[in-house]
Structures are given as C-alpha cells and as structure tokens.
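*Asks:* Just so you know, the sequences run in chain order A and B.
Terminal number for the first sequence in the numbering used here: 396, no gaps in between.
Terminal number for the second sequence in the numbering used here: 510, no gaps in between.
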Amino acid sequence: MARAVKTQRKALNTAIAWGVGLLIFFPILWTILTSFKTEAEAIADPPVWFNFSWTLENYFTVQERSNYFRHFWNSVVISVGSTLIGLIIAVPAAWAMAFVPGKRTKDVLMWMLSTKMLPPVGVLVPLYLIFRDLGLLDTRIGLVFVLTMINLPIIIWMLYTYFREIPSEILEAARMDGAGLREEVLHVLMPMAVPGMASTVLLNIILAWNEAFWTLNLTAAKAAPLTAFIASYSSPEGLFYAKLSAASTMAIAPILIMGWFSQKQLVRGLTFGAVK
Amino acid sequence: MTASIRALLGATALCAAGLPAAAETTLTIATVNNGDMIRMQGLAADFTAKHPDIKLDWVTLEENVLRQRVTQDIATKGGQFDVMTIGTYEVPIWARQDWLEPLTGLSDDYDAGDILPAIAGGLSIDGTLYAAPFYGESSMVMYRKDLMEAAGMQMPEAPTWDDIAKAAEAMTDKDAEIYGICLRGKAGWGENMAFLTAAANSFGARWFDMDWKPQFDGEAWKTTLTTYLDLMNNYGPPGASSNGFNENLALFQSGKCGMWIDATVAASFVTNPNDSTVADKVGFALAPDAGLGKRGNWLWAWTLGIPAGTDAPEEAKTFIEWATSKAYLELVAEKEGWANVPPGTRTSLYENQAYLEAAPFAEMTLKSMEAADPTNPAVDPVPYTGVQFVAIPEFQGIGTAVGQQFSAALAGQVTAEQALANAQALTEREMKRGGYIK
C-alpha cells in the first residue's frame, strides 16, 4: 500500500516536473516552430501548431542579409574571453576570501554583489565617453573588459561558495607536504573544485552570450555579437516575426546545444554544497 | 645595419604596403529594419560597383534602439557612424545643435527641388537641407470595402470624424470578431501619441500656445480624447491599450478590423495577397477632419543624415545622393517592380504612370502627405514644427508620459478628465524644468 502511494507520488512529481519543464521551454519551442513558418502563418489566429507548410526560407533570407558567422565569432570571443579573464582574477580572490578571510571579507563580498544592483544605464554615458577616448568603441577587447567587470562579482561569489565547501585541512596538508601557494591552488584546490568551476564557467558564458545592453550600446559594425544580430530583425512597423524567429533560433542554438550537453555539470555545480 | 634602421625600413615598407588599403573608405551606416531599408542594403552592390573605393558597413537596428544609439553617439561625438537614418523629429533639433552636416553642393542630377515640399520643409533650417528623405509617409484611413458595402454605406474620399463613427458602428459585429475601428493604444510618443496628436490637430487642439503653455485643459483636447475613447470603447478590439502598428496590422490582415487609421506604408502590407486575407477588399480615404481646415493625418520621413565630425563627409554625401536619387527609384523598379519603390519623397514619382498603376494607394498617399503641414500643423498658430510631434528635445519624454495617461484612459484605469488633468500637470512641470515657461 505504502509502496503504491510512493509510486503514485513519484509519478505525480515527474508529471509536474515535465509540466514545469515544458512551460519553461515553450517560448523557445514556439520560436523554433515559428522560424519554419511563412510570415502569414506566423501571425495566424488561431495559431498554427504543426500543421503548416514547413519552410527554410526564413533561414536563407537571414543568412543572405546578415553575416551570421561574424556575429557568432564575436559572441564566442566575447563570452569565452570575458569568462576566462574573470576566472583568472576570481580564483585567487575567492581563495583568499574562503581560506584567509579578513574582518571585512563579508562586507567586501556584499559590496561586490551590490554593484550588480546598479542600473547599467546609469553609467552608460561615462563609460561611453571613456571608451570613445580610449578607442575601445566597437572593439571586442572593449566588450571583453566590460563583460568581465560585470560578471566578476558572480564568478567570485560562486567560486567562494564552492571553495568554502572544501576542507581547509586538505590545503594545510598540502602546505605541510611542501606545496607553495601556486601548487596549492593549481594542483590541490582547483581539481577538487572542478564541478563548481565548470558550472561557473558555463553559467558565465551563458550570461555573457545573452548580455544585450552593453553589447548593443558599445558596438556598431565590427564587434557586434549575436544580440545585435537578433536586434536587427526586430521591427515595430512590419510583421517579420518568422524572420525574427529564424534569427533568434540561429542565435540561441549554439548556447542551447552547449547547455544541453553540459546540463549534468551545470546542475551538479549549481547544487554543489546546497544539500549536505 | 642597426636594429633601429632595420625597424625603420620595415615600418616604411609596411606603410607602403598599406597605402592601397588606406585609399579605401569604409562608411558605417546606421539604419532601421524595415522593408525599404533592407531592400537598399540588397541593392548596395550597385553603389559599390560605381564607387569601388567606398566600402559599406551596415548596422541595422529596431527603430527605438536605433534612435537611442545614434542620439547617444552624436551627442557624445562618439564617431561610430558616418551616415545615420533619422526621422523628421530629430533633423530640426540636431541641425540647430550643429550635429548634422548641411547637405549643400548636391549635384544637378540629384534635383533637390523634386523633393516633396512638405518633406523638404521639415528637413531644412533657413532653406538649407540637413538630411535627405529616403521614404516618407502620412496616415490615412484603410477600410474594408466589402463590409461597407454590406452595411449599405460608402466611404467618402475625405471623411469627417462623424462619418468614421457611423462607419465603425455599421461594420462592428463583435460576435463575428469584427471590430469597426482599430487605432493605436500602446503608450509612446511615436505610438498612440502620433495618432492622437495628429487627430487633435483636426479638432483644433494643439500641444502649446505661442507662449509654450500646455493646452490639455482646453475643450479641443477633451473632444479629441473623448471621441477617441468612444470610438475604441464602442467599436474597437479588446485589449486595444496595448495595440501598436504591428498588432493592428495583424488584426486588419486577418479580417478583424473594419477600419484602420495608420501609416500609409501599411497600404502595401494590407494589399499584399501573400500576407493579407483581405488584400482585394481594401479601400483608402484621407484621414478624417472636423470641418476646421486640418485633417488628422501625420507626416513622417526616414531620412539619411551625416553626423558632424565624421571622417568621410564627402563619401557619406556621395552615398546619400545615390540612395535618395531618382536613379535609385528606377533601380528598385527595375529589380523589384514599381510597387516596391520607396514612396513619399519625390514629386516626379507621383507623375510616373507606371508607379501610379502599380501602387493603387499612391494617389491617396500623395494627397495625405500634401494635406499635412509640419510648419503650420494646428488650426491655431503654434511655436513648434511637427505634425504628430513637437520638435523639441523634451518631447520624447513628455510625449510618452502623456501617452501613458491616454493609454490608461483607454484601459479604463482613469477617466478622460483625469488623464487630461494629469497630462496638463506633467507637461507644465516638464516645460518649467526646460525653461520654456515660468
């Protein structure tokens, strides 16, 4: 009897999980479906689900009009570059805060997090002027710098949380065995924090990939990533939803595929230390 | 040979190798995502073939994003763009700030005198053109001929607001999801306020008197807003307070609107059988009036301007001459047909029989554009230019805030009187801040 109830509850939980999952995935599914419709089918009322004349025309049009691969490459350089540089700065910072905390470590962490609360538009003009004077407007290096700074608090916080889960005795033992600071961090700490670091890297690549405010405001033609590519298909005067959907699908596809294949690491990393 | 001499020689050789590349100029062009602009990108090979020393880089953005980007860049002298797509709202403001290069010395072939006078007037300061129009538009009534016929009515070519109300009532069949009239309700200076400001002109209302005092407390604005709310509440579609151009276009194309008063550019969409279910049933009429001598239609043009301080003003001018020339119109006609030619910029286009035959809405578009006067938009005199906007820098903020009040009135959150009182108060406050009034 108890077993039957348990099975029923498990089935219910599974159904709810699937339902929530589908609900979250629905906008992406709808975007993908719309990208294969004609513009007339895209706005049909009632909406057409699967029974429409599937076409790749929107993808051809988008590819013909825009240089997708230039935008794609810019996105790769900006997101991977900013994440790697962020990691290089964040690992020693998180190590220091986790293993040699000072009196104000918590305050510093909170202050770093508070920078995320600043509305970006508040610093747009000063930053734009600095970029103009340094010749960084519409450059990938400029965007890598900005996105590194924006995501650094999150990287430090995540790594700090993961590092705190690692017993400091292990690091002490390494030090007693003669390991220097470099060996301690590179050969002892980091291998143990691999799941956490992997999820940090993945999450930050996703955040940088999707960042639209700075990437739209600080770029023009040369360094514009896929966010600008999508924006170029939005129009308040004209129904081009099918083409916009095709452009969106092309922009999110790489990160969606990456997320799909690395979901185990992502989930493991994000729940690391959450349950003891 | 010392290392420094070798380095010097190397650098000289590199400079020499770079010379041919340096002769090539790259123009970065900021533009909006609409059919005509995208078509221009597709045809740009014609320009680069004629000018192999000029390379074109395109930055295409959604209208509001583009406006923010180019404003930010030109105000901070960022120098990101060599040619900017800007509207008739920006041109006079930016020209007065010396942010735009004057378009002087245009070639005789260009024939600047052929530009429609109403458009040229809105783009000139003291007779000097500061941007060249790429395409222009007004607003007009698009209506369902079949529904009017079924109701035993006929739409006059120049209807009054009373005609519109009667037609809306006759065509409404809410059980069949057919709504007599579809109008913009979404808040924004370029959304509901574009329609309402143009409509207000026809009712004798104006934004400001000659002393820049806001006029929302006058009877004319009350008539404008109550007429709009009555039409929409009685005969409009549900949820209209969030409807903009695209939402109404979708409703009209799917056969759910009896009438739609909006941009003339919509005519080519609603008559396109590939997208519209009512393509062969659409009639056109001038925007309505109230017998006061002004019609409720607007005037807008997307134009190409050169930001002051660009490194390549001559090349930019060469490009603008190409993109806004008569020859470009002929190029579009040759490649994609006369119906796809960017409308509303040149008088000669409306004298071209091939165009008039290909575009059934051409005549009404021209009449609508001629009916709008940006330098004298209202019944009473005003201190500003612009038909559906007020060409002052503060207008974007004020227009959107007032639009939110009127959108809230349409949604039933406030009464018309409250919305007008709030609009008056907030406009007065902003005009005081701006130093226009004390």
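Glycine included, every Cβ here is placed at the ideal spot set by N, Cα and C.
I'd like the list of long-range same chain contacts for residue 152(A), defined as Cβ closer than 7 angstroms, with 5 residues on each side in sequence excluded.
*Replies:* So the list reads 369, once near-sequence residues are dropped.
*Asks:* Taking C-beta to C-beta, are residue 343(A) and residue 259(A) nearer than 8 angstroms?
*Replies:* A contact, by the Cβ cut-off of 8 angstroms.
*Asks:* Assuming residue 364(B) and residue 451(B) make a contact with CB atoms under 8 angstroms, what is their CB distance in whole Å?
*Replies:* About 5 angstroms; that satisfies the 8 angstroms criterion.
*Asks:* Please compile the residues from chain B whose C-beta is within a distance smaller than 7 angstroms of the C-beta of residue 249(A).
*Replies:* Within 7 angstroms Cβ-Cβ: 148.
*Asks:* Compute the beta-carbon to beta-carbon distance between residue 211(B) and residue 359(B), rounded to the nearest angstrom, for a pair I have assumed lies under 8 angstroms.
*Replies:* Right, the Cβ-Cβ distance comes to about 5 angstroms (below 8 angstroms), so this counts as a contact.
*Asks:* Where does residue 283(A) sit, in a helix, a strand or coil, going by DSSP?
*Replies:* Three-state result, residue 283(A): helix.
*Asks:* Taking 8 angstroms as the CB-CB limit, is residue 300(B) close to chain A?
*Replies:* No, residue 300(B) does not count as interfacial toward chain A.
*Asks:* Is residue 348(B) buried or exposed, if buried means 16 or more other CB atoms sit within 10 Å of its CB?
*Replies:* Buried, by the Cβ-count rule.
*Asks:* Compute the beta-carbon to beta-carbon distance between residue 440(B) and residue 362(B), rounded to the nearest angstrom, for a pair I have assumed lies under 8 angstroms.
*Replies:* Contact flag wrong, Cβ pair sits at about 17 angstroms.
*Asks:* According to the neighbour-count rule (16 or more other Cβ atoms, all chains shown, within 10 Å of its Cβ), is residue 448(B) buried or exposed?
*Replies:* Exposed.
*Asks:* Mind checking if residue 139(B) is an interface residue toward chain A, Cβ cutoff 8 angstroms exclusive?
*Replies:* Judged by the 8 angstroms Cβ criterion, residue 139(B) is not in contact with chain A.
*Asks:* Starting from the beta carbon of residue 353(A), find every residue of chain B whose beta carbon is closer than 9 angstroms, and list them in chain order.
*Replies:* Here the neighbours are 105, 132, 134.
*Asks:* Taking 8 angstroms as the cut-off, does the segment 194 to 213 of chain B touch the segment 138 to 147 of chain B (at least 3 CB pairs, one atom from each stretch)?
*Replies:* Verdict: no, contact absent.
*Asks:* Given that residue 315(A) touches chain B, what residues does it touch there, using C-beta distances under 7 angstroms?
*Replies:* Chain B residues near residue 315(A): none, gap ~39 angstroms exceeds 7 angstroms.
*Asks:* Between the segment 334 to 343 of chain A and the segment 289 to 307 of chain A, can you find at least three pairs of beta-carbon atoms closer than 8 angstroms?
*Replies:* Result no; under three Cβ-Cβ pairs closer than 8 angstroms.
*Asks:* Which chain A residues sit within Cβ distance under 7 angstroms of residue 337(B)?
*Replies:* Chain A residues near residue 337(B): 357.
*Asks:* Helix, strand or coil for residue 420(B), going by three-state DSSP, please let me know.
*Replies:* Here residue 420(B) sits in helix by DSSP.
*Asks:* By the DSSP assignment, the beta strand (DSSP E) with residue 334(B) in it spans what residues?
*Replies:* That run of the beta strand (DSSP E) goes 329 to 335.
*Asks:* Should residue 163(A) be flagged as near chain B, meaning a C-beta pair shorter than 8 angstroms?
*Replies:* Yes - at least one Cβ of chain B is within 8 angstroms of the one on residue 163(A).
*Asks:* Comparing alpha-carbon positions, which option in 408(B), 386(B), 491(B) lies nearest residue 99(B)?
*Replies:* Residue 99(B) has its Cα closest to that of 386(B), out of 408(B), 386(B), 491(B).
*Asks:* May I have the straight-line CA-CA distance separating residue 479(B) from residue 258(B), to the nearest angstrom?
*Replies:* Answer to the nearest angstrom: the Cα atoms are 6 angstroms apart.
*Asks:* Among residues of its own chain, excluding the 5 on either side of residue 162(A), which ones have a beta-carbon nearer than 6 angstroms to its beta-carbon?
*Replies:* Excluding positions up to five away in sequence, the list reads 154, 361, 362.
*Asks:* Could you spell out where the beta strand (DSSP E) holding residue 127(B) opens and where it closes?
*Replies:* Start and end: 126 to 133.
*Asks:* Short of 7 angstroms Cβ to Cβ, which residues in the segment 180 to 201 of chain A face chain B?
*Replies:* Under the 7 angstroms Cβ criterion, the segment 180 to 201 of chain A contributes 185.
*Asks:* For residue 458(B) and chain A, any beta-carbon pair shorter than 8 angstroms?
*Replies:* No, because no Cβ of chain A sits closer than 8 angstroms to the Cβ of residue 458(B).
*Asks:* Leaving aside the five residues before and after residue 184(B) along the sequence, list all residues of the same chain whose C-beta is less than 7 angstroms from its C-beta, in chain order.
*Replies:* So the qualifying residues of the chain are 178, 201.
*Asks:* Taking all protein chains shown into account, do 16 or more other C-beta atoms lie within 10 angstroms of the C-beta of residue 128(A), making it buried, or fewer, making it exposed?
*Replies:* Residue 128(A) should be labelled exposed.
*Asks:* Using a Cβ-Cβ cut-off of less than 7 angstroms, give me the residues of the segment 472 to 496 of chain B that come near chain A, in sequence order.
*Replies:* Going along the segment 472 to 496 of chain B in chain order, one finds no residue with a Cβ nearer than 7 angstroms to chain A.
*Asks:* Determine the contact status of residue 389(B) and residue 420(B), defining contact as a CB-CB distance below 8 angstroms.
*Replies:* No, Cβ-Cβ distance for residue 389(B) and residue 420(B) is not below 8 angstroms.
*Asks:* Where does residue 381(A) land, buried or exposed, given buried means 16+ other C-beta within 10 angstroms?
*Replies:* Exposed.
*Asks:* So the candidates are 193(A), 141(A), 177(A), 138(A); which of them puts its Cα closest to the Cα of residue 157(A)?
*Replies:* For the residues 193(A), 141(A), 177(A), 138(A), the minimum Cα distance to residue 157(A) belongs to 177(A).
*Asks:* Is the CB of residue 347(B) under 8 angstroms away from at least one CB in chain A?
*Replies:* Yes, contact with chain A.
*Asks:* When you check each C-beta in the segment 234 to 246 of chain A against every C-beta of chain B, which residues fall closer than 8 angstroms?
*Replies:* Answer set for the segment 234 to 246 of chain A: 244, 245.
*Asks:* Using alpha carbons as the reference points, say which of 415(B), 410(B), 442(B) lies closest to residue 429(B).
*Replies:* Closest option to residue 429(B), Cα to Cα, is 410(B).
*Asks:* At 7 angstroms on the CB atoms, spell out the chain B contacts of residue 160(A), in chain order.
*Replies:* Under the 7 angstroms cutoff, chain B gives 346, 347.
*Asks:* Note down the Cα distance separating residue 86(B) from residue 235(A), rounded to an integer number of angstroms.
*Replies:* Its pLDDT being 45, under 50, residue 86(B) is placed unreliably by the model, and nothing is read from it.
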